[in-house]
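Please read the structure below before turning to the comments.
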Amino acid sequence: MIRYLSESDVRELLTMDDAIAQVERAFRARATGRAFDVPRVRTRQPGGHLHILQGAAPEINFIGYKAYYIQPDKSRTSLLQLINMEQGNLEAIIQADWLGQIRTGAATAVAIRMLARNGSRVLGLFGSGRHAQTQLEAVCAVCDISEVKVFGRDQQRVRDFCAKMAAQTGVEVRPATSRQETVEGSDIVLTITRSREALFDGAWLEPGQCVVAVGSNAMDRQEIDLQTVRRADLIVADSVQVAQTESGDLLSAYESGLIYWENLPDLGQVLVGQRAGRTNEDQIILFESHGMALQDIYAGAHILELARSAGLGQDFPIGAR
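Using my numbering, you'd call the opening residue of the sequence shown number 756 and step up by one each time.
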């Protein structure tokens, strides 16, 4: 039997705290050789783009993939499929749009908990779209945030976002007066946009800040400039393997000789102590997030377990062996 879970099922079952726990588990498993991730493959067509991420997690007995198709009008279809590794049968098909949003935020939370300085309370946020909502929720889940400054091109959209998220989080969320104000005085600077050019001048960065760049998961996107890369005392990626093929932020730095891939740690390596993370409060640290199948697979397996306990979803009599 295959359990099919809808977007509404996923929203009902998966909390941010659970997503953070499962995403951290995925990072640790990959770093210690207990799970394996295959970078995203894209099939680009004039009518839309198909993206496929694959991974295997033997410790939870699942191998699988997420496939999502995005059309020019931004409409999308996103499905996660989980296959039982021992039996070889498909166990679950999970609608994965909300899953993708919440696990992306969860990866940011794991990184901030590990890389931001202690007592971080002020967030400078570039972006006010759907992913910005779960990013902000994730940051608030791991930090005692007291103020959020939001910058975006559409001022009315930013105002609406601030009002909504202030009510949701109980935190002061306000529009930033400028790009520079978004950066200056912030403990954490977070970018979640589709920008094709740098959002701020790296000269504005201050000692101790943690920069989290989430939107640049394609070669034609860029959220940070080379000055930010130069000033970073440590650069960490969710997956350096993925960054080499799709980090618009880091590829230009690599071509310029500013970074060498072999010198960059994966977040999982930092989590398990294989590579150093923050060593003092004055370091400027850059975290680059691009997305990994394992984040979906671990979170999806947890959702499936919860759904079975709660009796949610639909079972289809196919796929059994």
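The beta carbon of each residue, even a glycine, is placed where N, CA and C say it ideally should be.
ask   = From the DSSP output, which residues share a beta bridge with Y1009?
value = Position 254 of the sequence shown, counted from the first residue, corresponds to residue 1009. Answer by DSSP bridge pairing: none, since Y1009 is not bridged.
key: contact_flag[the stretch 896 to 913, the stretch 960 to 973] where n(CB pairs < 8 Å) is 3 or more   = At 8 Å Cβ cutoff, the stretches do not touch.
message = Is it buried or exposed, T948, if we count other Cβ atoms within 10 angstroms and call 16 or more buried?
response = Residue mapping note: residue 948 aligns to position 193 of the sequence shown, counting from 1. By the 10 Å Cβ count, T948 comes out buried.
ask   = Helix or strand or just coil, what does DSSP make of K919?
value = Mapped onto the sequence shown, residue 919 falls at position 164. Correct three-state label for K919: helix.
Endpoints, the beta strand (DSSP E) within which E902 is located = Locating residue 902 in the sequence shown gives position 147, where the first residue counts as 1. Start and end: E902 to F906.
task = Within the stretch 921 to 1001, note down every full beta strand (DSSP E) run reaching 3 residues or more, in order along the chain.
result = Whole beta strand (DSSP E) segments, 3+ residues: 927 to 930, 943 to 946, 965 to 968 and 989 to 992.
query = When burial is assigned at 16 or more other CB atoms within 10 Å of the CB, is K919 buried or exposed?
reply = Looking up residue 919 in the sequence shown gives position 164. K919 is exposed by the Cβ-count criterion.
inquiry  = DSSP three-state label for A893, please.
reply    = The sequence position of residue 893 within the sequence shown is 138, counting from 1. A893: helix per DSSP, three-state reduction.
query = Are the CB atoms of G1032 and L878 nearer to each other than 8 Å?
reply = Along the sequence shown, read from residue 1 onward, the residue named residue 1032 stands at position 277. Along the sequence shown, read from residue 1 onward, the residue named residue 878 stands at position 123. No, the Cβ-Cβ distance between G1032 and L878 is not below 8 Å.
query = Leaving out five residues before and five after R780 in sequence, what residues of the same chain have Cβ atoms less than 8 Å from its Cβ?
reply = Along the sequence shown, read from residue 1 onward, the residue named residue 780 stands at position 25. Cβ contact annotation for R780 (same chain, cutoff 8 Å, sequence separation greater than five): Y1053, in chain order.
Neighbourhood of E729 by C-beta distance below 6 Å, restricted to the same chain and skipping five residues each side = The question about residue 729 has no answer here: the residues shown for the chain are numbered 756 through 1076.
task = Buried or exposed for G802, please, with buried defined as at least 16 other CB atoms from any protein chain shown within 10 angstroms of its CB.
result = Here the question's residue 802 lines up with position 47 in the sequence shown. By the neighbour-count definition (other C-beta atoms within 10 Å, threshold 16), G802 is an exposed residue.
request  = Please state whether DSSP places H804 in a helix, a strand or coil.
outcome  = Numbered from its first residue, the sequence shown carries residue 804 at position 49. In the structure shown, H804 sits in a strand (DSSP, three-state: E or B).
key: Buried or exposed by the 16-neighbour rule on C-beta atoms within 10 Å, applied to T859   = Translated into positions along the sequence shown, residue 859 becomes position 104. Its Cβ being crowded by 16 or more others within 10 Å, T859 is buried.
inquiry  = Across the stretch 941 to 956 and the stretch 874 to 888, are there enough close Cβ pairs to call them in contact, namely three or more that are closer than 8 Å?
reply    = yes
query = Excluding the five sequence neighbours on either side, which residues of its own chain have a C-beta within less than 7 Å of the C-beta of I900, listed in chain order?
reply = Translated into positions along the sequence shown, residue 900 becomes position 145. The residues are R876, L878, V894 and V926.
message = Would H804 and R795 qualify as a contact pair, given that the criterion is a beta-carbon distance under 8 Å?
response = As a position in the sequence shown, residue 804 is number 49, starting the count at 1. As a position in the sequence shown, residue 795 is number 40, starting the count at 1. No, Cβ-Cβ distance for H804 and R795 is not below 8 Å.
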